[in-house]
Amino acid sequence: MAFDLSERASGILLHLTSLPGPHGCGDLGPEAHAFARSLQDAGQRWWQMLPVGPLGYGNSPYSAHSSFAGNPLLISLERLAEESLLSRAALSDAPRFRRGRVDYAATRSWRMPQLRNAYAAHGRRTDDHSHFEAFCAANAGWLEDFALYAAIKQSRGDRPWTEWEPELRSRDRAALDRARRALRAEIDQHRFEQFLFDDHWQALRDECHQLGIGLIGDLPIFVAHDSADVWAHRELFFLDAQGQPTVVAGVPPDYFSATGQRWGNPLYDWEALERTGFHWWLQRFAQTFARFDAVRLDHFIGFTRYWEVPAREKTARDGRWRPGPGARLFEALGPAQLIAEDLGEVTPEVTALRERFGFPGMRVLQFAFGTDVQARAFLPHNYERNSVAYTGTHDNDTTSAWFHDCGSPQRSKEQCEEERRMALAYLGVKDGGREIHWDMIRGVWGSVANLAIAPVQDLLGLGSEARMNLPGTTEGNWEWRLDALPDAAVLERLGGMTGLYGRSAR
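Here the numbering used here runs 42 ahead of the position in the sequence shown, where the first position is 1.
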């Protein structure tokens, strides 16, 4: 089945780790399949997720150890038991995890030994290993570097690659050969985990497609410094002889921050990339589209120009604008279902690039009621068809908290009250916003935008405890989890609204 962003439809944003389940975090197992069926029951056609790579700093999906590999925490232990790679008895010994939040340390302590047990069981089997071998061969272009990186990192106490021995840091051929021999079993373990991730992913994707549900992924523009990507492709980034960035990514000072934001990611050497025909980026796109039917391209404005900060600087104040690859990258890519995350300082060049390739932009209803000069563009009557309308994103507070909880470091009480007054008037709400989450969903579902998306937190009317991420902070993000999937009453109400506004798949 083809899934087309130009068709009128709707969907839900829910990251896999936020699914319920008994093993510490959501995964690709039964609850994911059940959620897909719930989406079909409610007439939805899209399931949007955050990046699914192996988690790095701060457990952020936007700071993965690889742009190509999958997060092994998402492998379904239940499915491994069904495949006789784990015993049911072993899974019955799962610790009691806290409700509503992911404790990543506790989850890793439980899940990773189970994956090692599954690998050992796989090794004891005498049946055909051809599927595993075929996967390794087909993905060798990224898998061998990642498995070696992960094994060395694990053997060095999880230290970043810039703290390894100089010969490993610089990828001396003889040193890498010695590491491969010494860490043969560990490397194969990481290969096997990626094989399992791919197998479980494709099973979920196949069921979603059978149900008429397309998957929307998320591709960060930048990669983590401590990643297999940078270690294996140092020539594509601005690094010094020790592998440290000479310049890093960020955004300049603005209304919200007098010193800007210093993100710290290494910056691409776009000239070096272009000399290869953007090969690494094209491979990255190919891997992402092997998993997803459409992809949100994070920080789209960075493809026209990006803020370069000298690595020695502690803030982003003293940076400078540098040109991005612009149309040359997307011409090399060819037709693709990309959603341009065009939030922030949108210049005419950004709009021209997006329109040239027909990428839908993003409209976020929470942004529509502020005093910012760009706020009016987020009012539904100003949307265009070729756009994706959201009540909020993973970086926003939930709609209920945004509306009801006035006064925070991010918004003054006066600003909050003004936004609340404008929202009630614009949406025609007469009950004071008792069900503001449904009012906001109605606002985007009824808009002209081809695609309307709501985070599952807004579907359920949850408060700040369910916020996924607070930008600029490092503690407590990416942890929220559902206690249970949306019930039949919620799904029926969503399905009714979806049909009313001509977005239903039914």
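All C-beta atoms in this analysis are idealised placements derived from N, C-alpha and C, irrespective of residue type, glycine included.
- Contact check between the stretch 299-310 and the stretch 223-238: fewer than three CB pairs, one atom from each, fall below 8 Å, which does not count as touching.
- By the criterion of a C-beta distance shorter than 8 Å, Asp500 is surrounded in its chain by Thr433, Gly434, Thr440, Thr441, Ser442, His479, Met482, Ile483, once the five residues flanking it on both sides are discounted.
- Pro96 is not a Cβ neighbour of Leu157, given a cutoff of 8 Å.
- Residue state for Asn307 is assigned as strand, using DSSP reduced to three classes.
- Between Val265 and Ser102, the C-beta gap is not smaller than 8 Å, which leaves the two residues out of contact.
- In the same chain as Ala147, and ignoring 5 residues on each side of it, no C-beta atom comes closer than 6 Å to its own.
- Here Tyr104 carries a coil assignment [DSSP, helix/strand/coil].
- Annotated as proximal: Trp152 and Ala136, with beta-carbon spacing under 8 Å.
- Secondary structure remark: continuous beta strand (DSSP E) runs of at least 3 residues inside the stretch 228-274, in chain order: 256-261.
- When secondary structure is reduced to three states using DSSP, Val388 falls in the coil class, being assigned neither helix nor strand.
- In chain order, Gly85, Arg87, Gly254 place their CB closer than 6 Å to the CB of Ala547, counting only its own chain and leaving out the 5 sequence neighbours on each side.
- If the five residues before and after Asp525 are omitted, its C-beta is found closer than 8 Å to the C-beta atoms of Pro62, Arg141, Gly142, all from its own chain and listed in chain order.
- In the displayed model, Arg347 falls within a strand according to three-state DSSP.
- Arg304 is a Cβ neighbour of Ala358, given a cutoff of 8 Å.
- Secondary structure of Ser546 (DSSP, three-state): coil.
- Excluding its 5 nearest sequence neighbours in each direction, Ile117 has C-beta neighbours in its own chain below 8 Å: Asp69, Leu70, Arg153, Leu157, Glu235, Leu238, Phe239, His242, listed in chain order.
- Taking the Cα of Trp273 as reference, the smallest distance to any Cα among Val392, Ser429, Asp214, Gly112 is reached at Asp214.
- A Cβ-Cβ separation of about 6 Å places Trp487 in contact with Arg545 under the 8 Å criterion.
- Here the alpha carbons of Arg476 and Pro64 stand approximately 33 Å from one another.
- Going by C-alpha positions, Arg150 is about 14 Å away from Leu133.
- Pro365 carries a strand assignment under DSSP once its states are collapsed to helix, strand and coil.
- Taken in chain order, the whole beta strand (DSSP E) runs of length 3 or more contained in the stretch 72-152 are 88-90.
- The way I'd put it, the stretch 283-291 does touch the stretch 339-351; three or more beta-carbon pairs between them come closer than 8 Å.
- Nearest to Ala160 by C-alpha distance, out of Thr168, Gly518, Leu119, is Leu119.
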